[in-house]
Amino acid sequence: MNRRNKKKIDGEKIFSIVASLAIIAALVVGVVSIVKSTTSSKKPNYIDLNVAEDGTNKVDPTTIDRQAQRETEKPTKKQEKPTERPTKPAQEQRTEGVTEPETDGVPAGVDQNPTAAEVNAPVLNFGENSNLLWPVEGDIVIGYNMDNTIYFPTLDLYKCSPSIVISAEVGTPVLSAAPGIVEDIYVDSVTGTTMVVSIGDGYKIVYGQLGNLSVGISDTVAAGTELGRIAEPTKYFAVEGSNLYFGLTKEGTPVDPMLHLTEKE
Numbered sequence: 002m003n004r005r006n007k008k009k010i011d012g013e014k015i016f017s018i019v020a021s022l023a024i025i026a027a028l029v030v031g032v033v034s035i036v037k038s039t040t041s042s043k044k045p046n047y048i049d050l051n052v053a054e055d056g057t058n059k060v061d062p063t064t065i066d067r068q069a070q071r072e073t074e075k076p077t078k079k080q081e082k083p084t085e086r087p088t089k090p091a092q093e094q095r096t097e098g099v100t101e102p103e104t105d106g107v108p109a110g111v112d113q114n115p116t117a118a119e120v121n122a123p124v125l126n127f128g129e130n131s132n133l134l135w136p137v138e139g140d141i142v143i144g145y146n147m148d149n150t151i152y153f154p155t156l157d158l159y160k161c162s163p164s165i166v167i168s169a170e171v172g173t174p175v176l177s178a179a180p181g182i183v184e185d186i187y188v189d190s191v192t193g194t195t196m197v198v199s200i201g202d203g204y205k206i207v208y209g210q211l212g213n214l215s216v217g218i219s220d221t222v223a224a225g226t227e228l229g230r231i232a233e234p235t236k237y238f239a240v241e242g243s244n245l246y247f248g249l250t251k252e253g254t255p256v257d258p259m260l261h262l263t264e265k266e
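Mapped onto our numbering, the consecutive letters of the sequence shown carry residue numbers 2 to 266.
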């Protein structure tokens, strides 16, 4: 091999070595760039406002105030109130076990200052042997009978009768047959204007076919007091004519008034 050919081969080797080194250098530079980019990507992409310019942590004053407030609001053992037991109202405590004394023999709770009406209220007594005054003078056109039926002319039928019907002219005064208190006044289709008088011990008198009343509900009447006048009869007593419907009951049960009416003079 001549000298010229040898120099040519050495030049090609040197060129190959230089090219290889350049490729290796390029690879190294690429790897370094990749490592740097990866490291920079791990850094946070936000600004921490709590970090001062010199790198130290800053403290938010509002955080200090809220923390101090929470510390002061924490209950201590001295501040905790003991559990209170429920107690009775003061009025119950004062009255519990205390009995009100009687005053002059009158039990506690009884009104010791009654009204004038209560003082003057009559004591009503009526029994099996008590008598009744005739409320009007007249004949009995329909008698009492709760055991058998009797004839009613206007109705033209037979039925039981819980009262008596006394014939009387329109305008005739109707007198109270016994002392009592007017309990009720109402209008009935059969008996017209009707008055109920309580005479004591569960007994009551019913006066029907009334008009021109002289007393009202809750009035106290004595025996012989005028209650009203005889009115025109209702259509249920058209044939019988004007009359007084007169009934007696005890605890709501009809009683024969003839057992208590005094004999006519």
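Note that the Cβ used here is the ideal one computed from N, Cα and C, for glycine as well.
Three-way DSSP call (helix, strand, coil) for residue i in this model
i    : result
G203 : coil
Y152 : strand
V19  : helix
V197 : strand
I218 : coil
E227 : strand
V33  : helix
F127 : coil
G237 : It should be noted that the sequence gives Tyr, not Gly, for residue 237. In this structure, Y237 counts as helix in the three-state DSSP scheme.
G242 : coil
G209 : strand
L260 : helix
L158 : strand
G139 : coil
L133 : strand
G181 : strand
P83  : Residue placement at P83 is poorly supported in this model, since its pLDDT is 47, which falls under 50; the coordinates still yield a value, given next. If DSSP states are grouped into helix, strand and coil, P83 belongs with coil.
Reference residue i; option with closest CA among the options
i    : options                   : result
F234 : T226, L22, L211 and L156  : Note on identity: in this sequence residue 234 is Pro, with Phe being the wrong assignment. Per the Cα distances, L211.
T250 : A27, Y145, G242 and P136  : Y145
G209 : V166, V124, D157 and A23  : V166
T194 : L156, L245 and G181       : L245
I206 : F247, S34 and F16         : F247
V175 : V197, I25 and T226        : T226
T155 : S21, E252 and V240        : V240
D189 : V137, F238, I25 and D202  : F238
K236 : Y187, D257, G31 and D157  : D157
E129 : S17, G203 and L22         : G203
M259 : E252, R230, D185 and I141 : I141
D148 : V30, V256, I35 and V198   : V256
Beta-carbon proximity of residue i to residue j, cut-off 8 Å
i    : j    : result
I143 : F127 : no
H261 : S131 : yes
G139 : S168 : yes
L134 : T263 : yes
C161 : T173 : no
G217 : L125 : no
D220 : V191 : no
A179 : I200 : yes
V171 : A232 : yes
S243 : L228 : no
DSSP beta-bridge partners of residue i
i    : result
Y187 : T195
P174 : R230
K251 : Y204 and T254
I167 : I141 and L245
Residue i CB to nearest heavy atom of the ligand SAM below 7 Å
i    : result
V188 : Of ligands this structure carries none, so the ligand SAM is not represented either.
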